[in-house]
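Structure first, then comments.
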Amino acid sequence: MYADVAALEPTVTRSISPENFTGAPGGGARATEGTGAAAARDLGTGWKISPSVKIPAHETFDLAKISGAGRITHIWMTTHSDNWRTLLLRAWWDGASQPAIEVPVGDFFGQGWGRFAQLSSAMIATNPHGGFNSYWPMPFSRGARLSVENLSDEPVIVYYQITYEEGERAAGPGSGRLHAQWRRSNPLHEGGPHPILTGVQGHGQFVGTYLAWGVNSSGWWGEGELKMYLDGDRDHPTICGTGTEDYFGGAWNFDVPGQGYTTFTTPYLGMHQVLQPDGLYASQQRFGMYRWHVMDPIRFASEISVDIQALGWRRGGRYLPLHDDVASTALFYLDSPTSSRPRTPSIDELEIC
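So for the sequence shown, the numbering used here puts the first residue at 1; every next one is plus one.
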């Protein structure tokens, strides 16, 4: 997944931002109007005239439109935390009519609860206070389009920079297209697991899960297993984990004796966020967890489905199916720019509650 930084490649680097909307060579710092024009009125062109964009309520803004072949290597963006669940990030590859990525901005960067938590991983880095960074490789052969839709009733300010390489070599022969899908069970129905992926068809590899998990009952909540159904599996999965905290690389309830829940953030997995009740309106515990299958991608030949159970304990040492609030972001590479996907969520379904 990583380029050899010493290798000289027949590609060129471009970058799109509000200071260069097209990424054209020599096209940066030319703006004469923008969100910084008033602040730069004494300085003129080249002095941070257009560092961000203002997106009206209920409108979509194209962050980038790229022609030809290439690969996005880095995305940086930031916006106020009030917008993290009301901005939908989308990406289309190779002229497809349907987006391969459709995820709330906050969830894509591991901040589904609208509250900052440091996330220091190889693929996603979220830094104080809401500096969102993605290093997921995003190859394409016939163009790319990235957008954000403002679902809220108020205009929002977004800062962003998208760095990419141009050229057939950058696209990489045999590379899949990155897909990201968001689903929420609020609450999860008893007897059924939360679907992370459902019936994705094609050849590819599953590379990541982020969960924003809200607990709706007392007691431990993470006994549930994550299951991956591959290439014809129906009643039983090929891959079955041993518990929620185990899948995310922890153990024994994430509980260091005497310290309680203990957060950790590592290159490929972590439980980086714990939100505790405040004794008033924030009445439930909330967690953020991620697992990037970069060193251990889950490869499938024809199809994949993934789900996770929510289980606690009841008396007599018996499992208790839970009715928790579970929102998942699933990432996978596929041999197609389109896939079966969930319907676009409404702002009410995205609401942090």
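Don't be surprised by glycine CBs; every beta carbon is placed ideally from N, CA and C.
Everything numeric in this text was worked out from a predicted model, so none of it was measured.
Across the structure, A310 and H58 are spaced so that their CA atoms are roughly 34 Å apart. T244 carries a helical assignment under DSSP once its states are collapsed to helix, strand and coil. The continuous alpha helix (DSSP H) containing L350 extends over residues 347-350. The beta carbon of S52 sits closer than 7 Å to the beta carbons of P18, T35, I157, V158, Y159 from its chain, once the five residues preceding and following it are set aside; these are given in chain order. Per DSSP, the beta-bridge partners of T163 are S15, H74.
As the crow flies, the alpha-carbon of S336 is around 30 Å from that of W213. At least 8 Å separates the beta-carbon of V294 from that of M228.
Shortest Cα-Cα distance from R291 to any of I304, G279, Q284, H272 involves H272. Within the model, the alpha-carbon separation for L331 versus G174 is close to 18 Å. In the DSSP assignment, R291 is bridged to T209, L269.
Counting every other CB atom within 10 Å of its CB across the protein chains shown gives G199 a total below 16, marking it as exposed.
Under the DSSP assignment, R85 falls outside any beta strand (DSSP E); it carries neither an H nor an E label. DSSP, reduced to helix, strand and coil, places E168 within a helical segment of the structure shown. G167 is positioned such that its CB atom lies closer than 8 Å to that of T11.
According to the DSSP assignment, F108 belongs to the alpha helix (DSSP H) that extends over 105-108. Annotation for I49: no beta strand (DSSP E) segment contains it, and DSSP assigns it neither H nor E.
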